[in-house]
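One structure is given here, and the rest of the page talks about it.
Number of protein chains: 2
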Amino acid sequence: MKFTVLHSDTNTKARTGIISTGHGSIETPVFMPVGTAGTVKAVHQRELIEDLHAQIILGNTYHLYLRPGTDILHQAGGLHKFINWNRPILTDSGGYQVYSLAAMRKLTREGALFSSHIDGSKHLFTPEKVVDIQRIIGADIIMALDECTPYPCDHGQALKSLNLTHDWLGRGFDHFIHTKPLYDHEQSFFPIVQGSVYQDLRAKSALEVSGYPADGFAIGGLSVGEPPEIMYEIVKSVTEILPVEKPRYLMGVGTPVNLLESIALGIDMFDCVMPTRNGRNGMLFTRNGIMNMRNNKWKDDFSPIDPESNCFADTWYSKAYLRHLIISGEILGAQIASLHNLSFYLWLMGEARKFIKAGTFDIWKKGMVEKLNTRL
Amino acid sequence: MKFTVLHSDTNTKARTGIISTGHGSIETPVFMPVGTAGTVKAVHQRELIEDLHAQIILGNTYHLYLRPGTDILHQAGGLHKFINWNRPILTDSGGYQVYSLAAMRKLTREGALFSSHIDGSKHLFTPEKVVDIQRIIGADIIMALDECTPYPCDHGQALKSLNLTHDWLGRGFDHFIHTKPLYDHEQSFFPIVQGSVYQDLRAKSALEVSGYPADGFAIGGLSVGEPPEIMYEIVKSVTEILPVEKPRYLMGVGTPVNLLESIALGIDMFDCVMPTRNGRNGMLFTRNGIMNMRNNKWKDDFSPIDPESNCFADTWYSKAYLRHLIISGEILGAQIASLHNLSFYLWLMGEARKFIKAGTFDIWKKGMVEKLNTRL
């Protein structure tokens, strides 16, 4: 994997770049639609390519490990082939879902023991095993096993957790460099910075992970309930330490405003379920603000969902029709809202890249942030 | 509306034809995907046009009346505009859903009083009112209010019900000819033959409805639990009476085999929720038989869903992937299975038209029926 910084903003720490992978290039800053169990929910792969122009999607190791399972994925020749997706894929380590979804979990130095939320079966994720699983999945970018601290979390607990995360990182990286990809493309391994909301722990972690000769670095454990100002402070302090020549991935973040503010702090990559999950619930992010499609005010608004959008769904269907579908619990409502929100997120990243190149990112961002927070 | 019979099969009563409507022509025999509440579930309108080449879709008056309601549909300029669908639409009268879905229903000579399954609100459907509602919806073909008898149903009950249906037909037709379309296209009104499984009642009903100067005629009250042989006998006896120069619509039917057998008996139009509903549950109809995608045997079958299909979903995705999506309850599974089944149904109708024209429909049908019943 190769990362090239193309333009660095003079007024902020924003930059544009290109990540080259075995499945093609990614222009950064980039938003990665979440394809949980091998599918970006309610969106066809053809739509991801032809309508959304998604450059990379994310898969969740926890979900893929449980279903369809590593046997099937291995026989298929990896996730790319299984889901027929020839562009880059990033997988998380599964750690986050173990904490948030599993019926039972127990952390030891060895790893994370958990019960499947599907059938209660017991499984152990170790730093080595999640590398093996991600070798089988075959994502272009794979993640270290970490512990994601909850918010709030006291300093002692955060330090203890961070030590475990760093211990696991060492084992995971060691296993990564002593194993090989199973398919005909390269894989990159990203360490993850943790440390909760504590500047000293985050600095310690950023220094620690920067010591690894990795292709990129992630920041985890944010957007878990802390105020956004604290998140931005932490991101700022971490990106000041992480190597400038490597991509920085802020995991699980966030709202459109979160994305723009974090780009200004030097983040290159994002993923979040928000555009798809909130979309399914009828919440639309637009360039003019947030629309709750369940709101009565849309019931007789027969104008297109987003007349300025390039995505077919935004001009094919009206606000009133989408409201009807969402209110009626129709699957097509989830399909349209997911397409709209992803289209908007990807458009916003494209605009950010454009304004960084033009040198006017900070002015543009200020105007956008004001609009994006509006409730329509 | 104009109907032209193009080819009449010499060995069966099958025929091909063209129905001309204000929203374009329909080649018959035709299958109409069911677009319940203004959406063919899990399928984009763009896919209906570009991938499935659907000629006409069906809407349910009961559902559309309750949500989004006639006010919204009227303001939108009718259902075509509301859902952005420029091809023909047929709406049922709502009677069937009153019997099958409503929380409470009470039939009188006046009409059908019922409680909404959504919010319990009380409504009255009269033969006149369902014409008014269908004027507001604006479908190209609209249906008379009828009573659909359950199976089994004794002769006395069936006769009593039939008399009510005929009484309602008179009132509905009278109201239809004394009202005008609300939008800039013509509407046609189809009477419905009832009479349960009794040949004498069906003959009486077929004669009665044939007396109306309608553009086409429907057969209702079948595929409600009676053995298929009885259904075919009834269809046969009714199509012998209905005017040969008008299209015949067999409501709510059925399996691919039901369609082919009924085409041989002179049916021109079909609708059924089976391809979409069964698809969402993981049942696929194919040219080689029926596949239950939940079956373990597909878990490592990485071949395309249907390599011979022209629909992108059938070649884009594998059987193993679709099985994974269905097992995991992923929306994309419902999307793919619905596309596949509708694509197959529409392909089957196209093949039927082709073989009728070629004069080899009966031989082709015999071979297909054997394969279609296979469990793969």
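Protein chains in written order, with numbering that gives the first Met the number 0: chain A, 0 to 375; chain B, 0 to 375. Cβ coordinates follow ideal geometry from the N, Cα and C atoms, glycine included.
- Between V243 (chain B) and L264 (chain B), the gap from beta carbon to beta carbon reaches 8 Å or more.
- Taking 8 Å as the cut-off, the Cβ atoms of T38 (chain A) and E329 (chain B) count as close.
- For F311 (chain A), the closest Cβ of chain B is nearer than 8 Å.
- With a contact defined as Cβ atoms closer than 8 Å, L123 (chain A) and L112 (chain A) qualify at about 5 Å.
- The shortest CA-to-CA distance from E239 (chain A) to any of A:P227, A:A202, A:G68, A:G253 is the one to A:A202.
- M0 (chain A) is not a Cβ neighbour of D270 (chain A), given a cutoff of 8 Å.
- At a cut-off of 8 Å, the C-beta of E49 (chain A) has no neighbouring C-beta in chain B.
- In the three-state DSSP reduction, T90 (chain A) falls in the strand class (E or B).
- Between the region 124–133 of chain B and the region 153–173 of chain B there are three or more C-beta pairs closer than 8 Å, enough to call the two in contact.
- Of all alpha-carbon atoms in B:H6, B:V42, B:E146, B:I71, the one lying nearest the alpha-carbon of P28 (chain B) is that of B:H6.
- Residues of chain A whose Cβ lies closer than 8 Å to the Cβ of Q54 (chain B) do not exist, since the nearest Cβ in that chain is about 19 Å away.
- The continuous stretches of alpha helix (DSSP H) do not include P32 (chain B), which lies in the beta strand (DSSP E) extending over residues 29–32.
- The criterion of a C-beta distance shorter than 8 Å is satisfied by L181 (chain B) and I135 (chain B).
- Taking the Cα positions, T373 (chain B) is about 20 Å away from D313 (chain B).
- Under DSSP, the beta-bridge partners assigned to K121 (chain B) are B:S114.
- For D270 (chain B), the enclosing beta strand (DSSP E) covers residues 268–271.
- A Cβ-Cβ separation of about 6 Å places L78 (chain A) in contact with G58 (chain A) under the 8 Å criterion.
- Using a CB distance below 7 Å, the part of the region 318–343 of chain A facing chain B consists of A319, Y320, H323, L324, I326, S327, E329, I330, L331, A333, Q334, ordered along the chain.
- Take T164 (chain B), set aside five residues on each side of it, and the residues of its chain with a beta-carbon closer than 6 Å to its own are D145, E146, Q193, in chain order.
- For K105 (chain A), the enclosing beta strand (DSSP E) starts and ends at 103–106.
- Linking Q96 (chain A) to E185 (chain B) through their CA atoms gives a straight-line distance of about 56 Å.
- When C-beta distances to chain B are compared with 7 Å, the residues of the region 54–83 of chain A below that value are R66, P67, I71, Q74, A75, F81, I82, N83, in chain order.
- Per DSSP, the continuous beta strand (DSSP E) segment holding A217 (chain B) begins and ends at 216–218.
- Closest in C-alpha terms to R247 (chain A), from the list A:W363, A:A138, A:V208, A:G137, comes A:V208.
- Non-local C-beta neighbours of V368 (chain A) in its own chain, meaning closer than 8 Å and more than five positions away in sequence, comprise V256, L259, E260, ordered along the chain.
- Of the candidates B:G137, B:I304, B:N280, the residue whose Cα lies closest to the Cα of P87 (chain B) is B:G137.
- Taking the CA atoms as reference points, S327 (chain A) sits about 10 Å from H62 (chain B).
- Taking C-beta separations shorter than 7 Å and ignoring five residues to either side along the sequence, the partners of G281 (chain A) in its chain run N291, M292, R293, I325, A336, following chain order.
- Looking at the DSSP output, T15 (chain A) shares a beta bridge with A:H6.
- For R134 (chain A), no beta strand (DSSP E) segment is defined; the enclosing uninterrupted segment is the alpha helix (DSSP H) at 126–136.
- Excluding sequence positions up to five before and after A333 (chain B), its CB lies within less than 6 Å of the CB of A41, R279, all in the same chain and listed in chain order.
- Here the C-alpha atom of I176 (chain A) lies approximately 10 Å from the C-alpha atom of A213 (chain A).
- Chain order gives the chain A residues near R45 (chain B) as F311, W315, where near means a beta carbon separation below 7 Å.
- Rounded to whole angstroms, the separation of the alpha carbons of G224 (chain B) and D153 (chain B) is 14 Å.
- Only residues of its own chain outside the window of five on either side were considered, and among them G34, G37, T38, Q44 have a CB closer than 8 Å to the CB of I82 (chain A), listed in chain order.
- Within the region 24–46 of chain B, those residues whose Cβ lies closer than 7 Å to any Cβ of chain A are, in chain order, A36, G37, T38, K40, A41, H43, Q44, R45.
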